[in-house]
Amino acid sequence: MIRRFLIAAAALLLVALNIRAQVSNDDLLHASSQPRDWLTYSGSYMSQRYSLLHQIDPANVKNLELKWVFQAQSLQKFEATPLVVHGVMYVTQAPNDVVALDAATGRAFWFYHYAVSPAAKPCCGAVNRGLAMLGHTLYMATNDSHLVALDSRNGQPIWNVEVAKAADGYAMTVAPLIIKDKVITGVAGGELGIRGFVAAYDVETGKEDWRFYTTAGPGDPGSGTWTSDAWAHGGAPIWTTGSYDPDLNLTYWGTGNPGPDYDPGARPGDNLYSASVVALDADTGKMKWYFQFSPNDAHDYDATQVPVLANTNWKGSPRKLMLWANRNGYFYVLDRTDGKFLSGTPFVRITWATGLDPQTGRPQLAHLEPGVPVFPGPEGATNWYSPSFSPHTGLFYIPAWSDFSAIFNRFPVPYKQGQHYTGGAITPAIPNGQMPVLSKLGPINTYTDAAGHGAVIAMDPTDGQKKWEFDMYDVTMSGILTTASDLLFVGGREGYFQSLDAKTGALLWKASLGGEIADGPMTYEVNGKQYVSVASGNSLFVFGLRDP
Amino acid sequence: MKPATGLTQAFRRLVKSPTTWSFGGRAIGCAGFALLVFCGFARGQNPAPGPEDSTPNYGGYAKADIAYGAQLYTAQCSGCHGVNGDAQPGINFRAGQFKRVASDNDLRMVITNGISGTAMPAWHFNNAELTSVVAYLRNMSKFNASNVVPGDAAHGKALYDSVGQCATCHRINGAGPFTGPDLTNVGAARSPDFLERTLLDADGAMLPNNRSIRAVTKANQTITGRRLNEDTYTVQLIDSNNRLVSLNKSDLREYTVLKASGMPSYKDKLSSKDVSDLVAYLLSLKGGQ
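So the sequences go chain by chain: A and B.
Remember, my numbering sits 3 above the position in the first sequence when you count from 1.
Remember, my numbering sits 719 above the position in the second sequence when you count from 1.
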């Protein structure tokens, strides 16, 4: 009798848990300490992509097995990181469909299709990087620059607002970020002459609360860094999710390249706030500070990396840090209270600059002859693929392109609304040769030993030294996940999903999934079992330990 | 501290020597295959002249490409655009005056797609032809097309089969060994300049995707062959006995990617006319039987 009562009580509790399947602001603030769920794109406001889960560890990781697969009906790259809330996984199918799955079995609860306007012009693939969630509402930024709110229980739309005009070259691929009662997003289109911005919308109504333009217009601080009206189509897009420090009430966003990409002569000046990180007041959108990585950028070195926040010792005393491996090839440590430059060290071969000013971090430009390959090439030393910081090892892990270069050819291009506005073109460094580009071009690769290859680079932020490097033959667009058991998970273009020892870089386990891995692995727990998910090709694969 | 792929890194050190890459402003033709994305992209508008472009300066475009482009232009384009490139109003190729294009990429797009509503049709040029026509259009004022003596493809074929001994390694239309690259489609994929450079200096012109490998297994078996595909953990090849072989790098004791081409230089074996004839023959190989 008692036994039956206990079973009934447990069942009731389960039902209650399911009903409670929602996300509160408090949950978001404490996401790092509630590792069973994965509540934001980067796992927490600190964006460390580090999980306290440790059931899977270096000793048993060899026992990982495939638990289930979600096969997306989309031929676009699968770049989304899923959210998991109380055993339910919410993930986008590119470009803008949403599916809710049982996170333990992969079976679907509901499916939502969003018809993207044919006017949408995402520059580099009709992709999406994921969702944000608050309460029972999911938020998605669409390729045609709408922000959509969905009921997480049935996938029905609640509201839908136009953030910008798709026909003018504005697209959205970013996973939004919830802060308090606002959902924050930004616009892509740095190759199409847009004017970038970050904007916050009321979670209940979709009404715009604030907007911060990432190119300084007339009257804005920094407007002198543009000549004439170059700011009006100066790019500086937003397409990777930002971070948030609740103590400082600052939200941090990385901005993309100024436009036209390869023709800095068309926009003399530093072009603020392109290729920068901006720290914005989360309530008002007012900028508190900025740090520009690549002034008057000439190489498409977007600063669209995830701002990774760490509270750790710096020169012997605790400090609020921001760790940033930039597309331009330098690894930066900033103070996130005021944006002060603390250190910057190259993590791959760099020829565009000879170094950084030790006080300001401003790059000292190298003299570049036309027609000579520049390191790193246009895809950069890294890009939007999420890095990871493990407070346990104290190391920062960078998904990198190493020894990668290309020839930048520039020519003037007039601005035409909604048209490509790159001011140049790229040719491979090897005459007649191949070079790795935005996505996998086929199953054959016999050239990245000469043209540039992928790597996981483990940096010690305290001294800017490389601790270890795990080299791949092909390049990689995979994000990195680390866990409290000192495991590191990473994929790559070759389709291998690998687990490394986070302390040494030693390979512990791998699975060949066949398709390019271009999302960030994440982990969660359901019914006491830890799972790890990664997308490869057009499918999402979920692994767990073999049942005893 | 090196991870488990230290072996890979050792291989990489073996094969990597960026100093041998031929940098500089010389014209870059375009490989076919997956590189189509880049094929169309313009080379520099004012690339620095390479050493061999000294007199006259063709702006980084290769003379062999320009000459081939001149033949194509004369045969296909001059009917409407005129031998001097000024027969259409508002367009003067010699003077660099165009209506719609700025970059080489634009030129390639217009030639490939045509211009709807005008008399400009879409041309089915392959990559080698496009590269060459663009090279000629950019150099009409400097290059005397009337001096071009087209190579003799029939004589080139005879050279291929005789003194060239090309069929010892190369395969065309299903005949010949697998040792060197299959040339069935080489006339569509490679520009005349690239073919000429390969004949004169195969090591210098060889692309990474034509490298061969030498592997020694832990059981002391030596395997050599043409590399077909590689990743972090494995390599696929066709071996010297024409067998498809797939190797796990962790099973190997030694692994070397050979940067030297097995192909001889014809610099001292063939006259410049012979080279031109052989190139003409290779350019005629466009994939069909």
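Cβ atoms here follow ideal geometry from the backbone N, Cα and C, with glycine treated the same way.
Residue i versus the options, residue with shortest Cα-Cα distance
{"i": "B/Asn904", "options": "B/Ser1003, B/Met925, B/Asn928 and B/Tyr792", "result": "B/Ser1003"}
{"i": "A/Lys631", "options": "A/Ser148, A/Gln362, A/Gly189 and A/Ile197", "result": "In the structure as shown, chain A starts at 4 and stops at 551, and residue 631 of chain A therefore has no counterpart that could be examined."}
{"i": "B/Asn803", "options": "B/Asn858, B/Ser835 and B/Ile830", "result": "B/Asn858"}
{"i": "B/Thr951", "options": "A/Gly109, A/Asp477 and A/Val545", "result": "A/Asp477"}
{"i": "A/Pro98", "options": "A/Asp105, A/Asp212, A/Gln76 and A/Gly482", "result": "A/Gln76"}
{"i": "A/Asp264", "options": "A/Asp463, A/Gly482, A/Gly426 and A/Phe473", "result": "A/Gly426"}
{"i": "A/Gly268", "options": "A/Ser231, A/Leu283 and A/Gly288", "result": "A/Ser231"}
{"i": "A/Leu503", "options": "A/Leu78, A/Leu548, A/Arg52 and A/Val64", "result": "A/Val64"}
{"i": "B/Ala921", "options": "B/Ser797, B/Lys978, B/Asn892 and B/Leu971", "result": "B/Lys978"}
{"i": "A/Asp303", "options": "A/Pro379, A/Tyr247, A/Gly358 and A/Trp229", "result": "A/Pro379"}
{"i": "A/Ile429", "options": "A/Val377, A/Ile447, A/Asp463 and A/Trp387", "result": "A/Val377"}
{"i": "A/Ile483", "options": "A/Ala202, A/Gly238, A/Asp100 and A/Tyr53", "result": "A/Tyr53"}
{"i": "A/Gly457", "options": "A/Glu472, A/Gly445, A/Pro446 and A/Asp250", "result": "A/Glu472"}
{"i": "A/Val280", "options": "A/Pro121, A/Asp305, A/Leu56 and A/His116", "result": "A/Asp305"}
{"i": "A/Gly3", "options": "A/Leu180, A/Asp341, A/Lys323 and A/Phe112", "result": "What the structure shows of chain A is the stretch from 4 to 551, and residue 3 of chain A is not part of that stretch, so it cannot be assessed."}
{"i": "B/Arg946", "options": "B/Phe817, B/Asn811, B/Ser965 and B/Gln884", "result": "B/Ser965"}
Within chain A, the residues that residue i reaches when beta carbons sit closer than 9 Å
{"i": "B/Arg857", "result": "Those within 9 Å of B/Arg857 in chain A number zero; the least Cβ separation is about 13 Å."}
{"i": "B/Glu915", "result": "Neighbours of B/Glu915 on chain A: none; closest Cβ ~12 Å, over 9 Å."}
Interface partners of residue i on chain A, CB under 8 Å
{"i": "B/Pro927", "result": "Ile433, Gly436, Gln437, Thr449, Tyr450, Asp452, Ala453 and Ala454"}
{"i": "B/Gly779", "result": "Gly374"}
{"i": "B/Ala821", "result": "Phe414, Pro415 and Val416"}
{"i": "B/Arg930", "result": "Thr449"}
Residues that DSSP places opposite residue i in a beta bridge
{"i": "A/Phe392", "result": "A/Phe399"}
{"i": "B/Ile891", "result": "B/Ala894"}
{"i": "A/Lys553", "result": "This structure cannot speak to residue 553 of chain A, because chain A is shown only from 4 to 551."}
{"i": "A/Lys291", "result": "Bridge partners of A/Lys291: none, in fact."}
{"i": "B/Ile957", "result": "B/Arg945 and B/Leu963"}
{"i": "A/Arg413", "result": "A/Gly427"}
{"i": "A/Ala97", "result": "Answer is none; A/Ala97 lacks a bridge partner."}
{"i": "A/Ser54", "result": "A/Thr486"}
{"i": "A/Asn252", "result": "In the DSSP output, where bridge partners are listed per residue, A/Asn252 has none listed."}
{"i": "B/Met859", "result": "For B/Met859, which the question treats as bridged, DSSP gives no partner whatsoever."}
{"i": "A/Ile460", "result": "A/Ile401 and A/Glu472"}
{"i": "A/Ala313", "result": "A/Leu324"}
{"i": "A/Asp284", "result": "A/Leu253"}
Opening and closing residue of the beta strand (DSSP E) in which residue i lies
{"i": "A/Leu104", "result": "Asp100 to Asp105"}
{"i": "A/Glu528", "result": "Met525 to Val529"}
{"i": "A/His89", "result": "Neither: A/His89 is in no beta strand (DSSP E) and is coded neither H nor E."}
{"i": "A/Asp212", "result": "Glu211 to Tyr216"}
{"i": "A/His149", "result": "His149 to Asp154"}
{"i": "B/Ser991", "result": "It is not in any beta strand (DSSP E) - B/Ser991 instead sits in the alpha helix (DSSP H) that spans Ser991 to Leu1002."}
Any non-hydrogen atom of the ligand PLP within 7 Å of residue i CB
{"i": "A/Tyr216", "result": "The ligand PLP is not among the ligands present in this structure, which contains no ligands whatsoever."}
DSSP state of residue i mapped onto helix, strand, coil
{"i": "A/Met143", "result": "strand"}
{"i": "A/Trp229", "result": "coil"}
{"i": "A/Ala202", "result": "strand"}
{"i": "A/Glu68", "result": "strand"}
{"i": "B/Ala750", "result": "With a pLDDT of only 29 at B/Ala750, under 50, the local geometry of the prediction cannot be trusted, and the value read off the model is given with reservation. Three-state result, B/Ala750: coil."}
{"i": "A/Ala453", "result": "helix"}
{"i": "A/Ile161", "result": "strand"}
{"i": "B/Phe1017", "result": "Since the first residue of chain B shown is 720 and the last is 1008, residue 1017 of chain B is not available in this structure."}
{"i": "B/Ser797", "result": "helix"}
{"i": "A/Leu543", "result": "strand"}
{"i": "A/Val493", "result": "strand"}
{"i": "A/Leu630", "result": "Here chain A has residues from 4 to 551 only, and residue 630 of chain A is not among them."}
{"i": "A/Lys513", "result": "strand"}
{"i": "A/Arg549", "result": "coil"}
{"i": "B/Pro869", "result": "coil"}
Residue i: first and last residue of the uninterrupted alpha helix (DSSP H) it sits in
{"i": "B/Arg827", "result": "Asp823 to Asn832"}
{"i": "A/Leu32", "result": "Asn28 to Leu32"}
{"i": "A/Thr354", "result": "Where A/Thr354 is concerned, there is no enclosing alpha helix (DSSP H), given that its DSSP letter is neither H nor E."}
{"i": "B/Thr850", "result": "Asn846 to Leu856"}
{"i": "B/Gln790", "result": "Lys782 to Leu791"}
{"i": "B/Val905", "result": "Val905 to Ala908"}
{"i": "B/Asp922", "result": "Ala921 to Ala924"}
Chain-ordered neighbours of residue i on chain B, where CB pairs are closer than 8 Å
{"i": "A/Asp477", "result": "Asp950 and Thr951"}
Per-residue contacts from residue i into chain B (C-beta, under 9 Å)
{"i": "A/Tyr499", "result": "Asp950, Thr951 and Tyr952"}
Under 7 Å by beta carbon: chain A residues contacting residue i
{"i": "B/Arg664", "result": "With chain B running from 720 to 1008 in the structure shown, residue 664 of chain B is simply not present."}
{"i": "B/Val976", "result": "Asp452"}
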